[in-house]
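> For the sequence shown, our numbering assigns the number 9 to the initial residue and increments by one for each residue that follows.
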Amino acid sequence: MHSLPSRLVRPGFVPGSAAIAAATTTFLLPALLMTLPAAPASAQAWPTRPIRLIAPFPPAGAVDLVGRPVALRLQETLGQQIVFENRPGAGGNIGAEAVAKAPADGYSLLMAAVTTHSISATLYQKLNYDLQKDLAPISLAANSPHVLIAHPSLPVKTVQDVIALARARPGQLSWASQGNGTLSHLEQELLRATAKIDIVHVPYKGSSPALADLFGGQVVLLFDSVPAVLHHIRGGKLRALAVATSRRSNVLPDVPTVAESGLKGYAAENWFGMMAPAGVSKEIITRLNGEMVKALALPDLRKRLLDIGFEPRSSTPEEMRAIIASEIALWAKVIRDSGAKIE
Numbered sequence: 009m010h011s012l013p014s015r016l017v018r019p020g021f022v023p024g025s026a027a028i029a030a031a032t033t034t035f036l037l038p039a040l041l042m043t044l045p046a047a048p049a050s051a052q053a054w055p056t057r058p059i060r061l062i063a064p065f066p067p068a069g070a071v072d073l074v075g076r077p078v079a080l081r082l083q084e085t086l087g088q089q090i091v092f093e094n095r096p097g098a099g100g101n102i103g104a105e106a107v108a109k110a111p112a113d114g115y116s117l118l119m120a121a122v123t124t125h126s127i128s129a130t131l132y133q134k135l136n137y138d139l140q141k142d143l144a145p146i147s148l149a150a151n152s153p154h155v156l157i158a159h160p161s162l163p164v165k166t167v168q169d170v171i172a173l174a175r176a177r178p179g180q181l182s183w184a185s186q187g188n189g190t191l192s193h194l195e196q197e198l199l200r201a202t203a204k205i206d207i208v209h210v211p212y213k214g215s216s217p218a219l220a221d222l223f224g225g226q227v228v229l230l231f232d233s234v235p236a237v238l239h240h241i242r243g244g245k246l247r248a249l250a251v252a253t254s255r256r257s258n259v260l261p262d263v264p265t266v267a268e269s270g271l272k273g274y275a276a277e278n279w280f281g282m283m284a285p286a287g288v289s290k291e292i293i294t295r296l297n298g299e300m301v302k303a304l305a306l307p308d309l310r311k312r313l314l315d316i317g318f319e320p321r322s323s324t325p326e327e328m329r330a331i332i333a334s335e336i337a338l339w340a341k342v343i344r345d346s347g348a349k350i351e
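1) Considering only C-alpha positions, which residue in the set M283, S215, F318, G214 is nearest to T253?
2) Which residue spans inside the region 91 to 123 form an unbroken alpha helix (DSSP H) run of at least 4?
3) As a quick exercise: from I332, D138, A276, E291, pick the residue whose alpha carbon is nearest that of E197.
4) Alpha carbon to alpha carbon, how far is L73 from K302?
5) So what does A184 bridge to, in DSSP terms?
6) Report buried or exposed for G298, applying the criterion of at least 16 other Cβ atoms within 10 angstroms of its Cβ.
7) Can you list, in chain order, the residues of its chain with a C-beta nearer than 6 Å to that of A267? Leave out the 5 residues immediately preceding and following it.
8) Based on the DSSP output, what are the partners of G281 in its beta bridges?
9) Just to confirm, are I90 and I62 a CB contact at a threshold of 8 Å?
10) Have a look at E105 and V71 and give me their C-alpha separation to the nearest angstrom.
11) What do you reckon, are the CB atoms on L135 and G281 nearer than 8 Å?
12) Since L429 contacts V122 with CB under 8 Å, what's their CB separation in whole angstroms?
13) I need the DSSP call for I157, collapsed to helix, strand or coil.
14) Give the DSSP-derived three-state secondary structure of P58 in the structure shown.
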């Protein structure tokens with residue numbers, strides 16, 4: 009028979025099963041509670057330690073220019089340090105994979121771009137993660153419109169002028185890109201297919217060498233981001249013909265879109281946004297989304313991004329997911345039709 013502590017037993021009292029059960033519960037309950045699993049991160053005070061934000065491209069690029077100021081704002085509102093980590097390689101897939109395979113606890117995040125989440129799905133034959141299933145959208149952060157620019161010596165002022173010149177001189181216009189399979193390349197392929205023109209693609213390894221040869225006149229056309237070429241456009245060294253996005257750029261309001269220039273339906277967005285590993289709790293995603301929306305509405309942050317050619321843009325997680333799905337379909341067709349391959 010179980011024995012009870014003397015302070016619980018009256019003289020002459022013989023404990024029954026009910027009394028034994030009650031006393032046993034009194035002493036075992038604290039121990040049992042200590043053995044229960046901890047509550048999930050979503051139910052606790054998140055965050056309680058630094059957060060890692062991975063940029064899957066080299067330092068000083070567009071992802072850094074957007075991601076770092078956004079991270080600073082989130083650091084202030086979340087009350088924890090955000091460690092910005094560049095992890096480039098394989099077109100952004102190394103960094104994206106690292107986040108996709110990280111614990112779903114809200115402490116590893118990805119600063120994603122259109123290349124990692126629209127183009128890579130088709131361009132790469134095999135990825136070690138699923139772009140749509142293994143990463144959860146949080147919010148868009150900004151757009152960085154690409155603009156079609158021409159060497160000043162080229163006798164064109166509009167997209168229609170380019171089309172007319174290409175038809176008059178098939179296979180003679182040299183059109184640079186930032187590399188095979190980049191957005192800069194695929195925008196060109198989309199325009200070429202839509203306008204049914206024959207142009208020569210000259211791939212480079214990045215924006216800088218492509219711009220260098222454009223300045224030198226070795227190539228005459230290029231799609232590049234507004235932040236990369238805004239100074240040269242304003243200085244008259246390059247001529248802006250049209251922006252690739254579906255709407256005009258706030259930074260270059262007088263430059264029409266490609267669609268306005270006669271190619272209806274043409275649109276190529278260059279977006280940036282934040283993602284987390286799939287499985288991160290809805291509470292954490294909602295918290296991060298709300299903080300990003302508030303940060304991107306701040307006048308000083310908006311001005312900082314606009315001054316260098318970015319357009320601040322937040323979204324719901326659902327809106328970002330829909331954009332990713334639609335653009336995967338768009339670029340899959342362009343990649344298949346053009347035969348684009350990674351270098």
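Cβ coordinates follow ideal geometry from the N, Cα and C atoms, glycine included.
Quick look at the numbers:
1) F318
2) 101 to 108
3) A276
4) 19 Å
5) V210, L230
6) exposed
7) Y274
8) A120, L148
9) no
10) 16 Å
11) no
12) Summary: the structure shown does not reach residue 429, with the chain confined to residues 9 through 351, and so no result is reported for it.
13) strand
14) coil
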